[in-house]
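Colleague: Residue numbers for the sequence shown follow this note's numbering, so the first one is 140 and each next one is one higher.
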Amino acid sequence: MSHVAKIELEIQSLEDLKLACRRLGFIFQENQQNYQWYGRSVGDYPLPEGINVDDLGKCDHAIKVPECTYEIGVVKRGTKYILLWDSWHAGGLEQKIGSDAGTLKQAYTIERIKREAKLKKYQVREIKKDQSMRLVLRLS
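1) Leaving aside the five residues before and after HIS200 along the sequence, list all residues of the same chain whose C-beta is less than 7 Å from its C-beta, in chain order.
2) Where does GLU265 sit, in a helix, a strand or coil, going by DSSP?
3) SER279 to LYS253, Cα distance in whole Å?
4) Enumerate in chain order the residues of its own chain whose CB-to-CB distance from GLY231 is below 6 Å, with the five nearest sequence positions on each side excluded.
5) Once the 5 residues before and after GLN151 are set aside, which same chain residues still bring their CB inside 6 Å of it?
6) Can you tell me the Cα-Cα spacing of LEU276 and ILE266, whole angstroms?
7) Secondary structure at ALA240, three-state DSSP: helix, strand or coil?
8) Closer than 7 Å to a non-hydrogen atom of the ligand SAM - does that hold for the CB of ILE249?
9) Ends of the beta strand (DSSP E) at LEU276?
10) Answer yes or no: do ALA246 and ALA159 have a C-beta to C-beta separation smaller than 8 Å?
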């Protein structure tokens with residue numbers, strides 16, 4: 140049984156999402172209209188707000204995570220995008236992106252901050268330590 144969830148992250152920039160995917164070694168599949176999920180039943184699990192059963196598996200773009208059976212759906216909602224994924228353990232996504240998709244959220248946020256900082260003429264330096272990332276911004 141599937142557990143389809145919305146990743147709690149508001150995607151405003153597909154370019155930053157693509158950079159985040161590249162950073163993580165994921166493949167952004169532009170204009171792919173379906174994402175791979177268990178595809179049968181969500182049982183009693185609630186669907187993400189604004190999503191109905193007919194929406195499951197449909198998307199505007201998809202993210203392929205190497206070594207995973209399931210994919211992440213990138214779905215346009217107004218001027219922004221939401222990410223849908225099946226967290227059922229057999230699909231492998233949770234092991235790669237974290238239980239709340241923290242790895243993908245962090246990568247997107249880093250790319251978004253870097254883009255905005257550069258637009259405002261800041262120099263950006265990344266400092267990686269263990270599993271953490273620190274961004275240092277300096278006015279040019």
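We put the CB at the ideal spot given by N, CA and C, even for glycine.
Modeller: A quick look at the data gives this:
1) Only PHE167, GLN168, GLU169, ASN170, GLN171 and VAL213 meet the Cβ criterion.
2) The answer is strand: DSSP assigns GLU265 an E or B state.
3) Going by C-alpha positions, SER279 is about 14 Å away from LYS253.
4) Cβ neighbours of GLY231 within its own chain (closer than 6 Å, five residues either side excluded): CYS207 and THR208.
5) For GLN151, same chain residues with a beta-carbon under 6 Å away, outside a window of 5 residues either side, are LYS219 in chain order.
6) Taken atom to atom, the span from the alpha-carbon of LEU276 to that of ILE266 is near 11 Å.
7) If DSSP states are grouped into helix, strand and coil, ALA240 belongs with coil.
8) With respect to the ligand SAM, the structure offers nothing, as it holds no ligand at all.
9) Element bounds for LEU276: 271 to 278.
10) Contact: yes.
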